[in-house]
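Using UniProt numbering, read the sequence shown as starting at 1 and increasing by one per residue.
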Amino acid sequence: MEAGTSAFVVRRLGADEWQAYRAIRLQALAQDPDAFGSTLALEQALAPATWSARVAKAAVSGIDCPLVAEAAGALVGLAWAKVDGERPGNVNLYQMWVAPQWRGQGVAGALLRAATAWARERGAQSLELGVNCANPAAIGLYAREGLLVVGAPYPMREGTALMEQRMQLVLSTTWDAEASHVDITTRP
């Protein structure tokens with residue numbers, strides 16, 4: 001994909017890319033701690049085997065779609081789509097993040113559209129995510145992509161005053177796969 005003068009590709013994370021995933025996830029938590037339900041301290045404490053198992057399982061689970069945006073061999077964006085275990089017709093989007101130098105270049109929108117395409121391919125009825133109420137840029141992006149506010153804000157995580165807002169995209173049952181095709185590159 002081209003965005004401005006910068007090229008990037010959105011692809012699924014490979015089963016053996018746990019170290020790259022760990023690096024970008026920790027970078028996201030360090031640079032934007034108020035954007036996530038988890039914390040840097042919690043995830044830094046995870047053993048390498050936990051990271052490896054998380055990524056390897058996601059590659060074969062059929063209910064996970066870890067996506068990354070890559071530019072010139074470096075990961076510059078992350079999003080993780082997952083079928084909701086309690087509501088199989090719903091896909092949740094977690095860990096959405098774009099490196100600061102890549103913001104405003106279409107990376108977040110491309111990640112969101114790839115996750116949406118994956119959800120539709122699975123027959124999901126909706127895609128949902130939570131966003132920090134104090135992040136108008138993210139809320140604006142999601143609204144431009146068709147997500148609507150659902151319910152009242154709620155605490156983002158225990159021990160913080162941060163509030164999170166649920167947003168939802170209702171996926172059409174008359175979706176045109178050909179017209180809405182998003183190419184997600186897969187790395188073995």
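Built from N, CA and C at the ideal position, the CB exists for glycine as well. Treat the numbers as computed from the prediction; the structure is a model and nothing was measured.
Among the options, whose alpha-carbon lies nearest the alpha-carbon of residue i?
{"i": "ILE63", "options": "ASN92, GLN44, VAL170", "result": "ASN92"}
{"i": "ALA7", "options": "GLU86, TRP102, ILE24, ASP34", "result": "TRP102"}
{"i": "GLN44", "options": "CYS65, ALA58, TYR21, VAL60", "result": "TYR21"}
By how many angstroms is the C-alpha of residue j removed from the C-alpha of residue i?
{"i": "LEU42", "j": "LEU67", "result": "22 Å"}
{"i": "GLN19", "j": "TRP51", "result": "8 Å"}
{"i": "ALA72", "j": "VAL107", "result": "14 Å"}
{"i": "ARG25", "j": "SER172", "result": "31 Å"}
{"i": "TRP97", "j": "GLY14", "result": "18 Å"}
{"i": "PRO88", "j": "PHE36", "result": "23 Å"}
Can you tell me whether residue i is buried or exposed, with buried defined as 16 or more other CB within 10 angstroms of its CB?
{"i": "GLN31", "result": "exposed"}
{"i": "ARG144", "result": "exposed"}
{"i": "THR186", "result": "Low confidence applies here, because THR186 scores a pLDDT of 46, under 50, leaving its location unreliable; read the following figure in that light. It is exposed - the Cβ of THR186 has fewer than 16 other Cβ atoms within 10 Å."}
{"i": "GLY77", "result": "buried"}
Enumerate in chain order the residues of its own chain whose CB-to-CB distance from residue i is below 6 Å, with the five nearest sequence positions on each side excluded.
{"i": "LEU129", "result": "LEU93, MET167"}
{"i": "VAL83", "result": "ILE63, VAL91"}
Just to confirm my understanding: we take residue i, look at its own chain, exclude 5 residues before and 5 after, and list those with CB closer than 7 Å. What are they?
{"i": "VAL131", "result": "ALA138, ILE139, TYR142, GLU164, GLN165, MET167"}
{"i": "GLY151", "result": "ARG166"}
Taking CB distances under 8 Å as the criterion, tell me whether residue i reaches chain B.
{"i": "ALA15", "result": "The structure shown contains no chain B; it is built from a single protein chain."}
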